[in-house]
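Participant: Take a look at the following structure, please.
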Amino acid sequence: MNDPTPSKSQKPETRQPRWSFGWGVAAIVVAVLLAITAWILLRRGEDEARQAPADASATVAQLEVLRSALAATENLDLRSADESWSTLHQQSPEDASIALDRAINRVLLVDDLAAQANNPALDAEAKTSVRSQLPKAIAAARDSVDDAARVTEDQVTPLWLQTRVDLHEAALLPASMTKSLRREIMQRLVAAVQGEMGEDPRSMILGGSLIEVLLQMEDPIDGLPEDVRSTASRTLATLSDQHPDNLFFALRAARLNIESQQQQAAKYAQRSAELTRAIEPSLARDIRALGVTPTELVGQITSAIDAGQWPDADASMMQWFNVLNGTELVKTDRRRASPHPLDRLSFDTLRRLSADLEAVSPIQEGSEQATFSVRPLGSEDVSIIQSIDFDLDMDADIITLTSAGRLQLWQNDGGDSWSAAGELALDMEATGMIAADMFVVDSSSPQRLRSGESTAGRHDTFLNLVVYGDAGVRIVRIDGRENLDDQEDRLAVVSEETGLEEVRSVTAAVAGDLEADGDLDLVLATEEDGVRMFCNRGNRTFFELPGSSDRFAGGDPVTAMAIADIDRDLDLDIITTQAASGQVGILENLLHLQFRARAIPEIPPVPGAFFVAVEDVDANVSWDLIVSGPTDNTIVYSQTADAGAWTVDRVESSATQSPAEAIAVADIDNDSWLEIIRCTAGELMMSRIGPWGFGDWTPVVSDSDQADVSTIATGDFSGDGTIDLAVVNNAQAEVWENRIENAAHFLDVRFKGIDDNASGRVNHFAIGSVLEARFGPHYRARIVTTPSTHFGIDGFEQADSIRAILPNGLTQTIRNPPVDMLVEEEQTLKGSCPYLYAFDGERFRFVTDCLWAAPLGLQVADGIVAKDRPWEYLKIDGREIRPRDGRYEFRITEELWEVAYFDEVKLTAIDHPANVEVWTNEKVGPGQIATPTIFAFADTQRIAPTLAVDTEGRDVTEKLGAADREFVQGFDRRLRQGLCPPHWIDLDFGDLPGDAAEPASQDKVYLVLTGWIMPTDTSLNIQIDQNPELSAIEFPSLWVPDTESPEGWRNAIPFIGFPGGKTKTIVVDVSDVISRDDSRVRIRTSAQIYWDAAELVVQETAAEYIEQPLALESASVGFHGFSSAVRADPTHPETYRYDDVSEQPRWPPLRGKVTRFGDCLELLRDWDDEMVVIGAGDEIRLKFAEPDQALPEGWVRDFVMHNVGWDKDADLNTLAGQQIGPLPYREMKSYPPGPDGAAQSEARYQINADHLQRTQSFREFWARE
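Residue 1150 in our numbering sits at position 1152 of the sequence shown; the count goes up by one each step and never skips.
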């Protein structure tokens, strides 16, 4: 036997160069099985590989100070952090990690002081005080940067930090000295980029600093001095050549070389075009207003350069730059070139101290040798084995695949007993397979859900198999029903066209929801055609994404893929490996089905790489990579300081002398840390991994002849809470049952998207979700890749919480997860509209939601954006509000995953007789059907229906006779949240009174409808649009009897509008369409609308009322949190308790700035594009004066609130949904504004810049503690 002893190496002694790149809900049932096993705390013997440090208490104290310092720095509590960093630096002056972090903290303090010194919101005295602190802070920062440079081999980062400090100092100097210092800074950076330092991949950040100093040197009229421009153009060209995949550099190099009239400008213009190929579909839409395609515009640039027509080249280049500058691609590459200092924090010392204390920490590194008993399954010629719960009984079953393409299912009968459950011979030789739910609803038995046969705790959608190889792809349907008549029907190849028929030579496959529309898509790596992406229509048919990447073709195909939101910007990216080059790469998700493929050069090649997994190995709330080849194993440690800012922090490697072809990662002993298992030199070897890197490789003991293990799968096959193995050994399928005697406690977490309500918002098994377990002081996280996700929790009797962040951004937290119990999450929304509360004399009470007619970036289908109407007039029932101290008080809150923009808020009192009801003309729809109007209807003019029936002919007259919250649900099922089969209510109002019954009557007739709507969102709209079996939503229309129509009805008003969100009343003028001798009407829709009341109003003259505008006396922005939800039953809208609130972050943070806390009165007085911007957890507090005129006797008072504003859902398919900007404005033609609106958009930002001072905290949501 070859010596399996590994050699371990760390690359290099200092960390590897960092790399960074730009980063209502379906009911979910969570089955949390907490199995408590006998656990004995084992003390380590003297012969253990890792001993406790001699002075453990001192190390513990240092670790606590270090954690405190890092947390304070990340939370920008910089002065407090500096005290801790100073203490740590005094204790360990030669520690490069501490020295660097101390320098970063002090540079951040200079950043903060400089920002305050230029903050227009501060008064002169405050600014003077801040400026007086800057010289000392700058000196301290310089000293700390020098200290870091002295002890680290990385000279790029200290130079970058020093440049940042110098630029702040230059801004404080007299103008002549400022120019001189900036020129000196530029020359220093040019020398570094052009010299040896420029060959270091880390030098990318120097390019960002160079561009910043050039912008500061540029004169608004004359631009850069000639000598500076010449030097800068050459240096930017060098930077682009050094980092050819950075679009930010390519654009800047092209612009500067055009300004310098250099022919090489064409090269960089063309490069910029090549780098935008991934986003060409959205670019083409954005650039349409210019009358050219992206290719044509770049062609104009290069042609003008070739002809020496520099003004034309400059003009076209500026258009190209403006089109690209706001894209996620440029923002990503700008962040790579100009990272936030927090992106550069080092965690090396934290990991080292954690490893030193591993011997005495509460999480005990398991000391037992892994031991397994082996049970052969009896299957021969097996090449692949996989765990699968094919019958949904919550036991782990097994499926095997032979080299000849024969599938065989093995059913877990419990008690170490297995039985053959089905087999299928494929028409191809296969090299791999994955199990995934390829259908939005259960296809094997459509009646299962209605029959009540499914168990609430079990998944009730059977998995499919995606089998692949040289001959292409086959999708295999599994029928897991228990009482199947013929086992030959258990497995069947999907015979219908899938859209995958032309794919060949597949080397790897992975499934995930690429566009967050609720179904699983397929990513296939191929030998000749690179990586190909196929989007699921929701019905197990696929279309290929245009521009699927050939980046990984050309003789070096991808061998393995892992899908994950690597940079925590909520979209799913794909990590890849390639065997020939050993390269690790990424398909970076740019949203809207656009991906950019590139290598990650900061990760050293892993020769023959064929395995990759994404895990948080060191539990620092950042995804790490585990990459393996035949002999080499690599852990890529990372940190994520902000959404879209994933950085490689350190790379550690461990090599074995003998090659392996089978790799698995699992927590074998439930100590919460993962193990890598691999077959090396005829036996299984295991290494525990964690903050310390690789542990020693130890043999796995079994009663099997481990001669040739070629595949390893994991799962709890014995049901005892420990992870077992399923292996292919000498072409035989075997189950290896974990026999470790002192395994610790565990959690198995199962998510289930309930199909009964057909929400369609999260794929059935929640694949791609992030699960976070917290127990005691510990944090562990995993990505859901299978129906069951396993956490070891060591000796803890119970976990404190499980939090899930689903692929569409929704979060769910379960406190103290119970034993063997299901927790059902109530249905809620992730995006809707801001909420309005009013003070009722005792407390603030929920009234309604706002801005329903003004969604921003809401796609109703791919590339088709809903129109926005920013003004609304909301009626507020006077019974819901009482004055306090002479003022009416309101709260407008933002509690969902969205951003609200309020430009104007006004309130009007509407006084009227008690026997008169008033309504506005508010409804969701264009302005022509919602013209601002006050309707006043006397009781004598209002007619209740004499008969009302629903779609199924049920009598609902009593329910619709009055607005009493007895809602009518006209549909029996829904197809997706917000979409139902067409349904209607038929209303008969009997004989119209008096003259109204005459055909020539001039009386006005109005239909008044009260109800609420459960909406779709952008992602659901995209899913509906993709699925040919689903029709677009049919919004409410009004039909009248027609004897000539086959159905007996005629569509008289194709769109009447609808009540926006929570319960509202709409008024429809039916004077010209209602039959005077037959008052029946039908309201038809396929939207998920619930009706509360319906009445007809016949009016000769309007009833009396008085309007009194009320003065807005105060307005301020503050923090509210998230109100608890109340819902009586599924037919009722969700409402909220204002005073029952949680302050914990509920939604992932969005990029950009919102309005500072404090007074905002002037921003809300007029519609002038100066607006209040609030995000999740914020509120606007409003006080209006009482009217001067008292109520006449017998009169009552209602109110109308007039709002001007917009709301933007953060749904991943909303255009610009993951950022707070760009700001909307009154004359806006489209959102986000196109190239022709860029200048106006920037102008609106500038007039609001003074109050846009707050950001949403990344670390509050992605908390380490």
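C-beta atoms are modelled at their ideal positions from N, C-alpha and C, and glycine is treated no differently.
For VAL1266 versus ASP1015, is the C-beta distance shorter than 7 Å?
Facilitator: In the structure as shown, the chain starts at -1 and stops at 1263, and residue 1266 therefore has no counterpart that could be examined.
Participant: Can you name the start and end residues of the beta strand (DSSP E) that HIS1118 belongs to?
Facilitator: On the sequence shown, position 1120 is the one that residue 1118 refers to. Careful: HIS1118 lies outside any beta strand (DSSP E) and carries neither H nor E.
Participant: Give the straight-line distance between the Cα atoms of VAL63 and LEU111, rounded to the nearest whole angstrom.
Facilitator: As a first step, residue 63 must be located in the sequence shown, where it is residue number 65. As a first step, residue 111 must be located in the sequence shown, where it is residue number 113. Taking the straight line joining both Cα atoms gives about 25 Å.
Participant: One question on the structure: do VAL903 and ILE1218 come within less than 7 Å of each other, judged by their Cβ atoms?
Facilitator: On the sequence shown, residue 903 is found 905 positions in, with the first residue counted as 1. On the sequence shown, residue 1218 is found 1220 positions in, with the first residue counted as 1. Cβ atoms of VAL903 and ILE1218: not closer than 7 Å.
Participant: Run through DSSP, which three-state label would ARG129 get?
Facilitator: As a working mapping, residue 129 is identified with position 131 in the sequence shown. DSSP places ARG129 in helix when its eight states are reduced to three.
Participant: Kindly list the residues whose CB is nearer than 6 Å to the CB of ILE1087, restricted to its own chain and excluding five residues on each side of it in sequence; keep chain order.
Facilitator: Here the question's residue 1087 lines up with position 1089 in the sequence shown. Same-chain partners within the cutoff: GLY1009, ILE1011.
Participant: Whole beta strand (DSSP E) runs in the stretch 737 to 822 with 3 or more residues, listed along the chain?
Facilitator: You should have 743 to 751, 768 to 773, 776 to 781, 786 to 792, 799 to 803, 809 to 813, 819 to 822.
Participant: Report yes if the CB atom of THR1129 is closer than 7 Å to the CB atom of PHE965, and no otherwise.
Facilitator: Working through the sequence shown from its first residue, we reach residue 1129 at position 1131. Working through the sequence shown from its first residue, we reach residue 965 at position 967. Yes; because the gap between Cβ atoms is below 7 Å, this pair is in contact.
Participant: Quick check: ARG180 and VAL143, are their CB atoms within less than 7 Å of each other?
Facilitator: Start at 1 with the first residue of the sequence shown, and residue 180 comes out as number 182. Start at 1 with the first residue of the sequence shown, and residue 143 comes out as number 145. For ARG180 and VAL143, no; Cβs fall outside 7 Å.
Participant: Could you compute how far the alpha carbon of THR645 sits from the alpha carbon of PHE246?
Facilitator: Counting from one through the sequence shown, the residue named residue 645 turns up at place 647. Counting from one through the sequence shown, the residue named residue 246 turns up at place 248. Going by the C-alpha atoms only, they are around 18 Å apart.
Participant: VAL612 bridges to which residues according to DSSP?
Facilitator: Residue numbering aside, residue 612 sits at position 614 when the sequence shown is read from its first letter. LEU623.
Participant: Give the range of the alpha helix (DSSP H) segment to which PRO279 is assigned.
Facilitator: Here residue 279 is taken as the residue at index 281 of the sequence shown, counted from 1. Residues 278 to 285.
Participant: Leaving aside the five residues before and after PHE744 along the sequence, list all residues of the same chain whose C-beta is less than 7 Å from its C-beta, in chain order.
Facilitator: Counted from its first residue, the sequence shown places residue 744 at position 746. If we look at PHE744 and ignore the five residues flanking it on each side, its Cβ neighbours are ALA33, ASN668, GLY719, HIS788, PHE789, GLY790, ILE791.
Participant: With the cut-off set at 7 Å, would you say ASP341 and ALA639 are in Cβ contact?
Facilitator: On the sequence shown, position 343 is the one that residue 341 refers to. On the sequence shown, position 641 is the one that residue 639 refers to. The answer is yes: Cβ separation under 7 Å.
Participant: Threshold first: 3 residues or longer. Then list the beta strand (DSSP E) segments lying entirely within the stretch 157 to 234, N to C.
Facilitator: Listed in chain order, nothing qualifies, since the stretch 157 to 234 has no complete beta strand (DSSP E) run of 3 or more residues.
Participant: Exposed or buried, PHE1155, counting other C-beta atoms within 10 Å across all chains shown (16 or more means buried)?
Facilitator: Mapped onto the sequence shown, residue 1155 falls at position 1157. PHE1155 comes out exposed.
Participant: Taking the alpha-carbon of TYR1136 as reference, which of ALA577, ASN806, GLY583, LEU834 has the nearest alpha-carbon?
Facilitator: Here residue 1136 corresponds to residue number 1138 of the sequence shown, with the count starting at 1. Checking every option, the nearest Cα to that of TYR1136 belongs to LEU834.
Participant: Find the nearest neighbour of LYS1062 within the set LEU273, ASN244, TRP917, judged by alpha-carbon distance.
Facilitator: The count along the sequence shown starts at 1 and reaches residue 1062 at position 1064. Minimum Cα distance to LYS1062 is reached at TRP917.
Participant: If the criterion is Cβ atoms closer than 7 Å, does the pair ASP346 and GLY766 meet it?
Facilitator: Residue 346 sits at position 348 when you count from the first residue of the sequence shown. Residue 766 sits at position 768 when you count from the first residue of the sequence shown. No, they are not a contact pair.
Participant: Between which two residues does the alpha helix (DSSP H) holding GLU480 run?
Facilitator: Position 482 of the sequence shown, counted from the first residue, corresponds to residue 480. Here GLU480 belongs to no alpha helix (DSSP H), and DSSP marks it neither H nor E.
Participant: Considering only C-alpha positions, which residue in the set ASP515, ARG1048, LEU1161 is nearest to ARG1082?
Facilitator: The residue you call residue 1082 lines up with position 1084 of the sequence shown. Checked all of ASP515, ARG1048, LEU1161; the closest Cα to ARG1082 is ARG1048.
Participant: Which residue or residues does DSSP assign as beta-bridge partners of ASP1176?
Facilitator: Locating residue 1176 in the sequence shown gives position 1178, where the first residue counts as 1. Paired residue(s): PHE1117.
Participant: Taking the CB atoms as reference points, tell me whether ASP838 and GLU878 lie closer together than 7 Å.
Facilitator: In the sequence shown, counting from the first residue as 1, residue 838 sits at position 840. In the sequence shown, counting from the first residue as 1, residue 878 sits at position 880. The answer is yes: Cβ separation under 7 Å.
Participant: Spell out the partners DSSP gives SER670 in its beta bridges.
Facilitator: Taking the first residue of the sequence shown as 1, we reach residue 670 at position 672. According to DSSP, which records beta bridges pairwise, SER670 is partnered with nothing at all.
Participant: Write down the C-beta distance between GLU770 and ARG748 rounded to the nearest angstrom, noting that I regard them as a contact closer than 8 Å.
Facilitator: Numbered from its first residue, the sequence shown carries residue 770 at position 772. Numbered from its first residue, the sequence shown carries residue 748 at position 750. Contact flag wrong, Cβ pair sits at about 16 Å.
Participant: Once you ignore the five residues that flank THR811 on each side, which residues in its own chain have a CB closer than 6 Å to its CB?
Facilitator: The sequence position of residue 811 within the sequence shown is 813, counting from 1. Same-chain partners within the cutoff: SER799, ARG801.
Participant: Unbroken alpha helix (DSSP H) runs of length 4 or more, entirely within the stretch 1170 to 1247: which are they?
Facilitator: Within the stretch 1170 to 1247, the complete alpha helix (DSSP H) runs of at least 4 residues are 1236 to 1246.
Participant: Less than 6 Å between C-beta atoms, sequence neighbours within five positions excluded: which residues of the same chain meet that for GLN1251?
Facilitator: Here residue 1251 refers to the residue found at position 1253 of the sequence shown. Hits under 6 Å: ARG1154.
Participant: What do you get for LYS1060, buried or exposed, if any count of 16 or more other CB atoms within 10 angstroms of its CB means buried?
Facilitator: Start at 1 with the first residue of the sequence shown, and residue 1060 comes out as number 1062. Buried.
Participant: With 16 other CB atoms within 10 Å as the buried threshold, where does MET1169 fall?
Facilitator: Position 1171 of the sequence shown, counting from 1, holds the residue named residue 1169. With 16 or more other Cβ atoms within 10 Å, it is buried.
Participant: Counting only beta-carbon atoms, is ASP746 nearer than 7 Å to chain D?
Facilitator: The chain labelled as chain D is not found in the depicted structure, where only one protein chain is given.
Participant: Could you give the DSSP three-state label for ALA1101: helix, strand or coil?
Facilitator: Along the sequence shown, one-based indexing puts residue 1101 at 1103. ALA1101: coil per DSSP, three-state reduction.
Participant: Taking one C-beta from the stretch 596 to 606 and one from the stretch 676 to 685 each time, how about it: are there three or more such pairs within less than 8 Å?
Facilitator: The stretch 596 to 606 is not in contact with the stretch 676 to 685.
Participant: Among the candidates ILE473, ALA469, PHE460, LEU570, whose CA atom is the shortest distance from the CA of GLU480?
Facilitator: For the purposes of this step, residue 480 is taken as the residue at position 482 of the sequence shown. Of the listed residues, the one whose Cα sits closest to GLU480 is PHE460.
Participant: Checking 7 Å against the spacing of the C-beta atoms, do MET683 and ALA368 come in under that value?
Facilitator: Taking the first residue of the sequence shown as position 1, residue 683 is located at position 685. Taking the first residue of the sequence shown as position 1, residue 368 is located at position 370. Not in contact: MET683 and ALA368 (Cβ atoms no closer than 7 Å).
Participant: Where LEU422 and THR400 are concerned, what is the direct C-alpha to C-alpha distance, given to the nearest angstrom?
Facilitator: Residue numbering aside, residue 422 sits at position 424 when the sequence shown is read from its first letter. Residue numbering aside, residue 400 sits at position 402 when the sequence shown is read from its first letter. Roughly 11 Å separates the two Cα atoms.
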